[in-house]
Every structure is written in C-alpha cells, then in structure tokens.
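Undergrad:
Chains as they are written, first to last, in the working numbering: chain A, 7 to 240; chain B, 55 to 343.
1) Please compile the residues from chain B whose C-beta is within a distance smaller than 8 Å of the C-beta of residue 106 of chain A.
2) For residue 132 of chain A, count the other beta carbons within 10 Å of its own beta carbon; 16 or more makes it buried, fewer makes it exposed. Which is it?
3) According to DSSP, is residue 343 of chain B part of a helix, a strand, or is it coil?
4) Taking Cβ positions only, does residue 230 of chain B come closer than 8 Å to chain A?
5) What does residue 157 of chain A touch in chain B if you count any residue whose Cβ is under 7 Å from its own?
6) Would you please verify whether the beta carbon of residue 343 of chain B is less than 8 Å from any beta carbon of chain A?
7) Are any of the Cβ atoms in chain B nearer than 8 Å to that of residue 130 of chain A?
8) In chain order, what residues of the same chain lie with their CB nearer than 6 Å to the CB of residue 250 of chain B, ignoring the 5 residues before and after it?
9) Please determine if the region 37 to 57 of chain A and the region 211 to 219 of chain A are in contact, where contact requires at least 3 C-beta pairs separated by less than 8 Å.
10) Can you confirm whether residue 80 of chain A, when its beta carbon is compared against all beta carbons of chain B, has any partner nearer than 8 Å?
11) Given that a residue counts as buried once 16 or more other Cβ atoms are within 10 Å of its Cβ, and exposed if not, what is residue 162 of chain B?
12) From the DSSP output, in three-state form, read off residue 59 of chain A for me.
13) Anything in the region 114 to 146 of chain B with a Cβ closer than 9 Å to a Cβ of chain A? List those residues in chain order, please.
14) DSSP three-state label for residue 174 of chain A, please.
15) Got a sec: which bits of the region 84 to 98 of chain A sit with their beta carbon under 7 Å from any beta carbon on chain B, in order along the chain?
16) Taking a contact to mean a Cβ-Cβ separation below 8 Å, would you say residue 194 of chain A touches residue 69 of chain A in this structure?
17) Residues of the region 66 to 79 of chain A with a CB closer than 7 Å to any CB of chain B: list them in chain order, please.
18) Using a Cβ cut-off of 8 Å (strictly closer), state whether residue 174 of chain A contacts chain B.
19) Taking Cβ-Cβ distances shorter than 9 Å, what residues in chain A pair up with residue 222 of chain B?
20) One question on the structure: do residue 258 of chain B and residue 72 of chain B come within less than 8 Å of each other, judged by their Cβ atoms?
21) Just the chain B side, please: which residues come within less than 8 Å of residue 56 of chain A by C-beta, in chain order?
22) Keeping to the same chain, check which residues put their C-beta closer than 8 Å to that of residue 60 of chain B; ignore five residues upstream and five downstream.
23) With a 10 Å radius around its C-beta and 16 neighbouring C-beta atoms as the bar for buried, classify residue 173 of chain A as buried or exposed.
24) Skipping 5 residues on each side, what residues in its chain have a beta carbon closer than 8 Å to that of residue 112 of chain A?
25) Rounded to whole angstroms, how far is the Cβ of residue 222 of chain B from the Cβ of residue 266 of chain B, which I believe are closer than 8 Å?
26) Report yes or no: is there a C-beta of chain B within less than 8 Å of the C-beta of residue 49 of chain A?
27) Give the C-beta separation of residue 64 of chain A and residue 151 of chain A to the nearest angstrom, bearing in mind that I take them to be a contact with Cβ-Cβ under 8 Å.
28) Residue range of the beta strand (DSSP E) that residue 29 of chain A falls in?
29) Establish whether the CB of residue 153 of chain A and some CB of chain B are separated by less than 8 Å.
30) Is the region 318 to 331 of chain B touching the region 110 to 117 of chain B in the sense that three or more CB pairs, one from each, lie closer than 8 Å?
31) Is there a Cβ of chain C sitting closer than 8 Å to that of residue 337 of chain B, yes or no?
Next comes the structure, spelled out in structure tokens:
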C-alpha cells in the first residue's frame, strides 16, 4: 500500500536520506528503526509532504504522492502522528479531535469516530474540555493518536509514540496500536526502542546515516548478530 | 482635572478605544496565523473610509449601510493580496515580509493619492450631527454607534473563532502549523481567509470612522502606529489582548489629552509603548491565541 523507492531528501543543502526504499503492505505492522539522527523522522516528513523529496518516488495505493502537499496526502488516508505530537496545545481535547476530522470524508463520520476514540481512551472523554497543553505526556500521546484516528487512516504512521513515557504507559500505547491494527489499519512505526518494536511488528527496516542497512521479518532482525550488537547491546 | 472632565474623557476614550480594539484584532489575527506584521493594515482601513465616503457622496448611501459593502470589498482585496503577493514569499525571512507589506502600503496609498487627490474630505450626515446628552455628559452619536458596532464585530469574530469549524481550523493553524498540515488543513486557504478577514475588519473600522474625522490617503499612518501599540500591549497574536488593549489605549489617550495639552496625548501613548517593550515585551496578557 505504501511504496517508497530510492528516496533522497534533506534540509537546505544538507542531504539526509540516501536512496531509502521501503514498503508497507495492506494490514501489516512495519517498524522503521535506527539511532538518533539516522533519518527516521526525515523519512516520515518526506512521505507526508512536509519537506520536499530531492528524487525518488512515494506511492500510496498506486497513486504517486511524491511532493504533493500534505492535505492531498491526508485525504488519501495516509496519516501521521508526528514527532513531538504537534498538537493544538492551546485548544481543548475535543477541538483537537474535531480538527483531526478535517477532511470531508472524515467529517461525515466525526461522531462515530469520536465514540471509537473515547472507547479506546476513556480518559479523554473525561477530559474533553481540558486544554491539551495542560495534560501529561502520556495523555497528550493519547490525544495525538486519537487525532490521527479521527482522520480515518488507511495507513497510520507513528513517530516514536513511546518517547518520554513510563514503561507501563509505553506498554499501554503499544497495546492500543495493536488494537488499532486489528481494525484493518496498516501501521508504520518509528522507534528507537528496537526490541519492543520488533516484538510486535511483522517486518522491520534499520536506518543508518540516511540509508536502509538491514531489512527483514521481525524474527530475522531479532536474530541478526549486527543488530543485536548495535541496538540491543548483546 | 475635575471629576466631570475625567468622566467625560473616560467616555470619549472608551468609545474611540472600540475602534482601536477591532483594528488591533485584525492585525493580531494576521500575525497569529501567519506571523506577518501587516504594515498595510492602516492603508486598508483608509480604503474602507473611501468606500463609505464615495458611497455617501455619489449615491447618498448612509455610512452604516455601506459598511457591508466596504467589508466585502476589502475582504476580497485582502484575500487577493495574500494569494497574489504574500503567499509567494511566506518562506522568506520576517524582515523581508515586513518590507513587502510596507511596499503594499505605499502602493495602496499612492494609488489613492492619484485617484482621490491628497485633499482632506469629510461627510456631513444630518441625522448624526446632533450629540446625545446623558445628564451632564455629552456623547457624539457616530462615536457611540462606532463603539457598539465595533463591540459586535469583536464578539462575532470571537464566536466565529471559538465555535465554527473554520474558526477552529484558523486557531489550529495559528497554534501549530505542522499539526494543521498533518490533519489536512490547507494552509494557503486559511491564510487568504485570515488576511481577508483582517482587511475586512480594518475596512469596518475605517467606515465607522468616516463620519467622525476628515479622511485623506495618508490617514492610515496615525492609526497603524496606534494599532501597533495596542497589539504589543495585548501580546502579539492575542485576540483577547488586542480587544482589551484597544480600550486601554483609547482611555489613556483621552485622559492624557484632558490632563495635559491636546498634543501631549500622542506622546503618552508612545511612552506607554516604550515602557511595555522594556518591562512586558510579551504584552500584559502574553502572546498566543
């Protein structure tokens, strides 16, 4: 469903991505792994149209979306829960979720999707009127994921959803992602937490200095000597 | 200063403050959403004045009836300025955009000079000429009407931003650009609607001022400077701050005019401006929406 081929991009004169190719198939959970500064977030930003690709292509459900504006990409059902969450912190939980349903098709199902989000995160229903900026990190992450779900994703991209969360909360977030995936939404998960990410995804890619250096099923990657040495310290 | 003079000045200042409030709301809205400091806001106000002036002079249309015309005309012009000019330079450094809005101001003013001549013009509307007496105090009719319409515009805008879906999208864009892009909000569309709204509000302020003062193509200067003071006082990008700031500056100006000589009131305003910049650079209410 998502097919990235030979993607190159960066900021200003500085190239970050060199020939990144990856794929997410219908219904899969795929992890994109790598250390800080490896280019994970840059890859996601280029896919979502936040920064321009220098060359290469991004196809989503066979539609070429390379360098299309973000709203074009969102309307096709490719939704990103970005690094740093990028929530509307001055606005309430409800307003954040309402704006998640900005595309015309998502707006039609706003009420139904809102119910689903509250089912997934009951705490958000209690805090409906609270300004998001005053919430804890874990609750903000819930708002971020819920806002993404309000957009009716076909593919949900999550950029380090566990960052800054306690182990317990991290586990909850991962459980929720699994639940979301069961409804038929494909997931591309970016993580530094290699073991946890691989333990629950189907396949994975490892990014280093802007290039994919390893790819395979999660079991293959977990068994890989180099990966174990580099990321798991074993 | 006698108590009478104090209260009379308070009334006058509050009424003028309403106009300053909406001028500042227009400016601060554009800044909050796009980060653009719009120097042309005063020139747009001036155009609103001329719409009302010509509608009255040529067609005998009452100044308050030409208000919607003035607002719609300037909304369209504002949206076109954003779409045609500013959208192309949104990624440029701030000072470049500042120079461009300054340039737009010069173009509008000089076009107005050519078309309308530098003459000062004013309109005399018979039913507005008498003042209203409230006990010992006198209130000018057009100022009172201007105040109430300004307050209504401010309330309407507040309702629009808080309750309507488009208003929420505008606030969302002001709050977090990346977040807005990732929920599918078309920033370009939000930008030209916002600039159009800002221009329309300036036009309303201009139309409301037309029965009160003499107008000329360069009349925008005094207003844009005062508007900057109000916006800084309320916190850049803060709509509520702009509203309250406008009333504060209106009252300060009138009280200073009463306490000192008439020419010193401007000085007082800019002294306030400098003091805010030194002691409360984020405004009395802080920035943000």
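C-beta atoms are modelled at their ideal positions from N, C-alpha and C, and glycine is treated no differently.
TA: On the basis of the supplied data:
1) What residue 106 of chain A touches in chain B, judged by beta-carbon distance under 8 Å, is 237, going in chain order.
2) Residue 132 of chain A is exposed by the Cβ-count criterion.
3) Because residue 343 of chain B sits at a pLDDT of 46, beneath the cut-off of 50, its placement in the model cannot be relied upon, and the point is left open.
4) Chain A contact via Cβ: present.
5) Chain B residues near residue 157 of chain A: 237, 238.
6) For residue 343 of chain B, the predicted structure reports a pLDDT of 46, less than 50, and the residue's modelled location is therefore unreliable. A value from the coordinates is still provided. By the rule that beta-carbons nearer than 8 Å mark a contact, residue 343 of chain B touches chain A.
7) No, residue 130 of chain A does not count as interfacial toward chain B.
8) Correct list, in chain order: 129, 132, 133.
9) With a cut-off of 8 Å, the region 211 to 219 of chain A and the region 37 to 57 of chain A count as touching, because enough Cβ pairs lie within range.
10) Output row for residue 80 of chain A: interface = yes.
11) Looking at its Cβ environment, which holds 16 or more other Cβ atoms inside 10 Å, residue 162 of chain B is buried.
12) Strand, per DSSP.
13) Correct list: empty, as no residue qualifies.
14) Three-state DSSP puts residue 174 of chain A in a helix.
15) Close to chain B, meaning a Cβ-Cβ distance shorter than 7 Å, are the following residues of the region 84 to 98 of chain A: 86, 88, 92, 93, 94, 95, 96, 97.
16) Not closer than 8 Å, so no.
17) Answer set for the region 66 to 79 of chain A: 76, 77.
18) Not a single CB atom of chain B sits nearer than 8 Å to the CB of residue 174 of chain A.
19) Ordered by position in chain A, the residues that pass the 9 Å Cβ test against residue 222 of chain B are 94, 97, 101, 104, 105.
20) By the CB criterion at 8 Å, residue 258 of chain B and residue 72 of chain B fall outside the cutoff.
21) Close partners of residue 56 of chain A in chain B (Cβ separation under 8 Å): 232, 235, 236.
22) Only 309, 312 meet the Cβ criterion.
23) Exposure of residue 173 of chain A is indicated by the presence of fewer than 16 other C-beta atoms within 10 angstroms of its C-beta.
24) Same-chain partners within the cutoff: 106, 119, 156, 157, 158.
25) Wrong, their Cβ atoms sit about 35 Å apart, outside the cutoff.
26) Chain B, which has no Cβ nearer than 8 Å to the Cβ of residue 49 of chain A, makes this no.
27) That belief does not hold up - the Cβ atoms of residue 64 of chain A and residue 151 of chain A are roughly 23 Å apart, past 8 Å.
28) Start and end: 20 to 30.
29) True, the Cβ-Cβ gap to chain B drops below 8 Å.
30) In the pairwise beta carbon analysis, the region 110 to 117 of chain B is classified as not touching the region 318 to 331 of chain B: fewer than three pairs are separated by under 8 Å.
31) Protein chains in the displayed structure are A and B, and chain C is not among them.
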